[in-house]
Amino acid sequence: MDATTTDAVYEAIMRRRDVRCEFTGEPVPDEVLRRLLEAAHAAPSVGLTQPWDFIVVNDPAIRERFRDHVAEERETFATSLPPDMAGTFARIKIEGILESSLGIVVTYDSTRGAPHVLGRHAIADAGLYSTCLAIENLWLATTAEGYGMGWVSFYREPFLRELLSIPEHIRPVAWLCVGPVSGLQDVPDLERHRWRTRRPVDDVTHWNRW
Ligand SMILES: Cc1cc2nc3c(=O)[nH]c(=O)nc-3n(C[C@H](O)[C@H](O)[C@H](O)COP(=O)(O)O)c2cc1C
1023 MDATTTDAVY EAIMRRRDVR CEFTGEPVPD EVLRRLLEAA HAAPSVGLTQ
1073 PWDFIVVNDP AIRERFRDHV AEERETFATS LPPDMAGTFA RIKIEGILES
1123 SLGIVVTYDS TRGAPHVLGR HAIADAGLYS TCLAIENLWL ATTAEGYGMG
1173 WVSFYREPFL RELLSIPEHI RPVAWLCVGP VSGLQDVPDL ERHRWRTRRP
1223 VDDVTHWNRW
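Here this note's numbering is used: the first residue of the sequence shown is 1023, the next is one more, and so on.
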């Protein structure tokens, strides 16, 4: 790779943010959506199973039903918190389901390529890891496009499965809010709201032993 490409890759990695507040709601042109999905679909996968599917959700009624469900789950989590944390959490927005331009739900199919999945015989989760790599590819591609993406995990899998007619053996892994943004924050929302701070890489790097 030439130096410009290398810089661009690192820039996308470092600029990427989880977005909830900055969506503009402007439409995503078909060719951009295509590029994003191609980028996600280019991810590595255990045994080349490509175990993901992408459900693009632009139906406002479906998105509203999901938003209502997420609001309930937010409440469930909020009531589990001690008062000081509940106060902090109350100020944090955890989704941009209606404000974003599109929802993209990424699912995991453990039966794809099974039973002889090369590389999964000892680690069943390797299929799920693969699906998350597709999600990260999508995240970086949205950043490179000047868009934003936000991962929503405040939901129960059976609810989302039923909402989107997902077959029983397929797991919904993420609802991703995607679209143009007014800008990306420099600091993660959770850090700005003093929920948690990021750790320096040296704190998580080990040599030879844990
Ligand atoms: C598996 C996963 C689930 C997440 N679920 C949510 C969520 O439901 N709501 C939310 O606001 N952010 C969610 N996030 C985003 C994280 O809060 C965010 O990545 C983290 O605070 C670091 O911020 P950054 O992504 O901007 O660097 C999720 C991220 C991951 C990887």
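Even for Gly, the Cβ is constructed at its ideal location relative to N, Cα and C.
Beta-carbon gap between ARG1096 and PHE1176 smaller than 7 Å: By one-based count along the sequence shown, residue 1096 stands at place 74. By one-based count along the sequence shown, residue 1176 stands at place 154. Against a cut-off of 7 Å, the Cβ pair of PHE1176 and ARG1096 comes out as a contact.
Proximity winner among PHE1099, VAL1200, VAL1209, PRO1189, relative to GLU1158 (alpha-carbon distances): One-based indexing of the sequence shown puts residue 1158 at position 136. Of PHE1099, VAL1200, VAL1209, PRO1189, the residue nearest in Cα terms is VAL1200.
Nearest-angstrom Cβ-Cβ length linking TRP1161 and ALA1196, presumed shorter than 8 Å: Position 139 of the sequence shown holds residue 1161. Position 174 of the sequence shown holds residue 1196. Not quite, the Cβ-Cβ distance comes to about 10 Å (not below 8 Å), so this is no contact.
Cβ neighbours of PHE1111 in the same chain (closer than 8 Å, five flanking residues each side left out): Start at 1 with the first residue of the sequence shown, and residue 1111 comes out as number 89. Answer for PHE1111: PHE1099, ALA1100, LEU1103, TRP1217, listed in chain order.
Proximity test, SER1175 beta-carbon vs ligand 1 heavy atom, cut-off 6 Å: In the sequence shown, counting from the first residue as 1, residue 1175 sits at position 153. Yes; taking the cut-off as 6 Å, the Cβ of SER1175 has a heavy atom of ligand 1 nearer than that.
Near ligand 1: ARG1039 beta-carbon under 6 Å from a heavy atom: Within the sequence shown, numbered from 1, the residue matching residue 1039 stands at position 17. Yes, since a heavy atom of ligand 1 falls inside the 6 Å radius drawn around the Cβ of ARG1039.
Candidates ALA1061, LEU1055, HIS1143, GLN1072, of which the one nearest SER1123 by Cα: Looking up residue 1123 in the sequence shown gives position 101. Here the closest residue by C-alpha is LEU1055.
Where the beta strand (DSSP E) containing HIS1181 begins and where it ends: Numbered from 1 along the sequence shown, position 159 holds the residue referred to as residue 1181. Going by the sequence as given, residue 1181 is Phe instead of His. Unbroken run through PHE1181 is the alpha helix (DSSP H), 1179-1185; no beta strand (DSSP E).
Nearest to PRO1235 (by Cα), restricted to the options LEU1070, THR1028, ASP1040: Within the shown structure, residues of the chain are numbered from 1023 to 1232, placing residue 1235 beyond reach of any answer.
Residue ranges of each beta strand (DSSP E) within the stretch 1050-1117, 3 or longer: 1074-1079
Nearest to LYS1115 (by Cα), restricted to the options ALA1083, CYS1154, ALA1034, GLU1044: Residue mapping note: residue 1115 aligns to position 93 of the sequence shown, counting from 1. The shortest C-alpha separation from LYS1115 is found at GLU1044.
Residue span of the alpha helix (DSSP H) that contains ARG1196, given as start and end: For the purposes of this step, residue 1196 is taken as the residue at position 174 of the sequence shown. In the sequence as presented, Arg is not what sits at residue 1196; that position holds Ala. Per DSSP, ALA1196 is not a residue of any alpha helix (DSSP H); the beta strand (DSSP E) it occupies stretches across 1192-1202.
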